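Going by the working numbering, the letters in the sequence shown line up with residues 514 to 1164, in that order.
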Amino acid sequence: MSKGANIDLSSLTAATGPLTVALSWIDPSGEGEADVSVLLAGSDGKVGSDADFVFYNQPTTADESVRLLGKSPTATGSEDRILVDLGALRPDVQRVVIAASRYAEATFGALNELCLTISDSTGAELLAFPIKDADSETAFIFGELYRRDDSWKFRAIGQGYASGLAGLAADFGISVDDSEEQQPEPAPAQPADPPTADGPDTIADRAAPEATLIESKRPQRVRTAKKKVTAPKAVKVSLAEHPSWQHARLFPVTGLRNDQEREARATATLLAVMAQVPEFGRRLTARFNAPAGTIQTFAEASFKHGEGKVRPDGVLRVARAGRIWTALIETKTGGNPLKADQVEAYLQVAARHGYETVITLSNDLALTNEHPLQVDKRLLRKVALRHLSWAEVAHEADMLCHHDGVANPVHAWLLSELLHYLRQDNAGCQGFRDMGAAWVPVRNAVTTSTLRLGDRRAMHVAESWEKLLRQLCLRLSGQTGQTIAPVLRKRRDGDASVRRLQTVTSLVETGRMSAEIRIPNAGGPVLLEADLRTGQIETTVEIPAAARARSLTRVQWLLRQLAQAPPELRIEALTAGHNTGPCDLLKNLIAEPGLLVPDDAEQITSFRLTLSSNMGTKRGTEETGFVRSIDLAMDRFYQEILLVLKPDTTQ
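Have a look at this one:
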């Protein structure tokens, strides 16, 4: 769509159910993310109340008609998704305004590939609105859904202003408190009654208390200043008589003897937690365009198929306003691959029963919207085929358990038990763990300088490298509560085939694979490089120098912060207009800081910090595996370098 255009949504799809609105962008500068918001306005252009403003401090409406689904790192940058159930909106809501805002002085003009897309309940993309003329705006209205008689239309707006989120809210009649002071939190909710022996509560029993809980959490005035969410871990005294004693777990991994048992327990564990922790269940089901409603889950349901029967690993059902949305689930753990004939049988069963979706769940990471498995496309006319990785499941659980929070403390404990289970080796749910059969031949070809362009094995390694990076970003995001994603500096980097060809070219010419990763508050993007010729992994960040009168005092400012950093850390001093400068190891600079002072007396403007680690040669997560060495290198750099660096507060 182009700016100013509008379109009738009913002409684009016959599917019923909620829509998924996605805002995406590429942040080449790493200045900070953008936050989405939704305003429900009446015919006068104003909200009915402050509860009609959905944003990071108030991520859902009381009736669940609109819910923010959160940010996700993607292969092309970052994506923020919103679930909008038009059928559940109050009659007085005439417009659903989709907007976003940026932090501090960052503008939308600094973002590349700004785009809004809308998908229907089957996951099919209905429209895309790319925005190319953003400039100095700090708040931006992408578009709006609006009523016309009995139908809904979408208008592509693409306009903003420089007053930020507070100004955006005020323009729609919202009472704003923009102070940084924390307001008293609402009284904690009483723990829910335990489920009966028959399983989850009935739909009617659960709906009313949940709505009351959401209602009680509404702030009296909307605070646009971000809440600081922290979840300190309580120190517990162990009563065990011996260090070898293990705490009893809700979901144990002991007794799992084969892949079939692993798949059955992993499926049952996940589905049980999804049904009992509403926030977690909705985050996952929203990925598949399911409505926001009561979730019930079932394991090992049997369906007639041809002359026999098939048994999907699970069935997921969501009830909303008298309608039931259903998905069949096929699960794989460990290195077990999905099977096309098995998934195709489930697609046929789903179509025959009027079910909406078949969901596959495995350790494979899908890098784009395409499913990792090739199936007969004719089977996708009535049923959507979607994929989820165990790494993405762990990411969502991590974010809720340790950063975003849940309403019930028992639910937080359930999520922590799920995370503990997923991280056990014997569970088989650890995500991407193997660079594939092409890794060793390509590594050897790089070492002997015999690798050439066009080698299919090199393209497989490039694809595995992207999967490893995506899982790394998901894991770090879950640990830190921040959005961590690859940095793409060129528009063509958004094309997966182009990115992989660039990786193969780099392997042929330099023997290296590299990627930049955006970590908020790191001072700049982190460059991660794997050198297959030298067997080294290098992690690098460039940070601005402190505003001091002399170069020597700027060096001393940096060394004071890095007093406990690894002595082999390499530090390079850079001056304006130069990409190289004086360089030495930290262990030498502690004794003689003047080694970094440029001879030409130019002022130091930034420092480049590089830490080298040994690269694993094998293809997996074993002690000498490449995947393990990448994880260890990034974790070490983050813990020992990035966390100890503090910005200069005198500027």
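We treat Cβ as the ideally placed atom computed from N, Cα and C, and that holds for glycine. All of these numbers come straight from a predicted model, not from anything done at the bench.
Quickly, what does DSSP pair Asn-519 with across the bridge? List them, please.
Arg-668, per the DSSP bridge assignment.
Contact defined as beta carbons within less than 8 Å: I believe Phe-1120 pairs with Leu-1071. What is the distance between those atoms, to the nearest angstrom?
Contact flag correct, Cβ pair sits at about 6 Å.
Short of 6 Å in beta carbon distance, which residues of its chain neighbour Arg-983, apart from the five on each side in sequence? Order them along the chain.
Counting only Cβ-Cβ distances below 6 Å, and skipping sequence neighbours, we find Leu-878.
Where do the N-terminal and C-terminal ends of the alpha helix (DSSP H) with Lys-822 fall, by residue?
Looking at the DSSP string, Lys-822 is not in any alpha helix (DSSP H); the run it does join, the beta strand (DSSP E), is 821-823.
Using 10 angstroms around the beta-carbon of Lys-822, count the other beta-carbons present and answer buried if the total reaches 16, otherwise exposed.
Classification for Lys-822: exposed.
Take the Cβ of Lys-817 as the centre, count every other Cβ of all protein chains shown within 10 Å, and call the residue buried at 16 or more, exposed below.
By the 10 Å Cβ count, Lys-817 comes out exposed.
In three-state DSSP terms, what is Pro-604?
Correct three-state label for Pro-604: coil.
Does the Cβ of Val-567 have 16 or more other Cβ atoms within 10 Å, making it buried, or fewer, making it exposed?
Result: buried.
DSSP puts Gly-1220 in a beta bridge; with which residues?
A question about residue 1220 goes unanswered here, because the residues of the chain that appear run from 514 up to 1164.
Quick check on the burial criterion: 16 or more other C-beta atoms within 10 angstroms. Buried or exposed for Trp-952?
By the 10 Å Cβ count, Trp-952 comes out buried.
For Tyr-868, name the three-state secondary structure that DSSP assigns.
Looking at Tyr-868 - three-state DSSP - the assignment turns out to be coil, as it is neither helix nor strand.
What residues in its chain sit with their C-beta under 8 Å from that of Gln-607, if we drop five residues either side in the sequence?
Hits under 8 Å: Ala-554, Gly-555, Ser-556, Tyr-659 and Arg-660.
In terms of DSSP beta bridges, what is Lys-817 paired with?
Per DSSP, Lys-822.
What is the residue span of the beta strand (DSSP E) that Met-1026 lies within?
From DSSP, the beta strand (DSSP E) with Met-1026 extends over 1025-1031.
Out of curiosity, what's the CA-to-CA distance linking Ile-808 and Trp-903?
Cα to Cα, Ile-808 sits roughly 20 Å from Trp-903.
Leu-596 and Val-790 - do their beta-carbons sit closer together than 8 Å?
No.
Can you tell me which of Thr-798, Asp-648, Leu-1020 and Gly-1037 puts its alpha carbon nearest to the alpha carbon of Pro-954?
Closest option to Pro-954, Cα to Cα, is Leu-1020.
Within the region 775-812, note down every full beta strand (DSSP E) run reaching 3 residues or more, in order along the chain.
Those beta strand (DSSP E) runs which fall completely within the region 775-812 and span 3+ residues are 807-812.
Is DSSP giving Asp-877 helix, strand or coil here?
Note: Asp-877 maps to coil in three-state DSSP.
Pick out whichever of Gly-1036, Gln-1077, Val-1000 and Pro-1106 has its Cα sitting closest to the Cα of Asn-625.
With distances taken between Cα atoms, Asn-625 lies closest to Val-1000.
Quick one: Cα of His-933 to Cα of Leu-851, how far?
Distance between the alpha carbons of His-933 and Leu-851 is about 25 Å.
Quick test of your reading: Ala-503 and Arg-836, contact by CB under 8 Å. State the CB separation rounded to the nearest angstrom.
Outside the displayed range of the chain (514 to 1164) lies residue 503, so it cannot be described from this structure.
Work out the CA separation of Thr-782 and Arg-795 for me, nearest whole Å.
Cα to Cα, Arg-795 sits roughly 16 Å from Thr-782.
Hey, could you find the ends of the alpha helix (DSSP H) Asn-1101 is sitting in?
1099-1104 is the span of the alpha helix (DSSP H), which, as asked, contains Asn-1101.
Give me the Cα-Cα distance between Cys-914 and Gly-991, rounded to the nearest whole angstrom.
Rounded to the nearest angstrom, the two C-alpha atoms are 9 Å apart.
Near Met-514, which residues of its chain fall below 6 Å by C-beta distance, leaving aside the five closest residues on each side in sequence?
Excluding sequence neighbours, Met-514 sits near Leu-640, Phe-642 and Ala-669.
From Gly-944 to Asn-876, what does the alpha carbon distance come to, in whole angstroms?
Cα-Cα distance, rounded: 4 Å.
What are the partner residues of Gly-1138, as DSSP defines its beta bridges?
Bridge partners of Gly-1138: Lys-1131.
Beta carbon of Phe-621, beta carbon of Glu-650: below 8 Å?
For Phe-621 and Glu-650, yes; Cβs fall inside 8 Å.
Bridge partners of Asn-625, per DSSP?
According to DSSP, which records beta bridges pairwise, Asn-625 is partnered with Ile-539.
With Ser-634 and Asn-771 assumed to form a contact (beta carbons below 8 Å), what rounded beta-carbon distance in angstroms separates them?
The Cβ separation is near 37 Å, so there is no contact.
Quick one: is Glu-546 buried, meaning 16 or more other Cβ sit within 10 Å of its Cβ, or exposed?
Classification of Glu-546: buried, given that the 10 Å Cβ count is 16 or more.
By the DSSP assignment, the alpha helix (DSSP H) with Arg-965 in it spans what residues?
Where Arg-965 is concerned, there is no enclosing alpha helix (DSSP H), given that its DSSP letter is neither H nor E.
Tell me where the beta strand (DSSP E) around Glu-577 begins and ends.
Where Glu-577 is concerned, there is no enclosing beta strand (DSSP E), given that its DSSP letter is neither H nor E.
May I ask you to report which of helix, strand or coil DSSP gives Arg-1063?
Three-state DSSP puts Arg-1063 in coil, outside helix and strand.
Can you tell me the Cα-Cα spacing of Ser-523 and Thr-529, whole angstroms?
About 10 Å.
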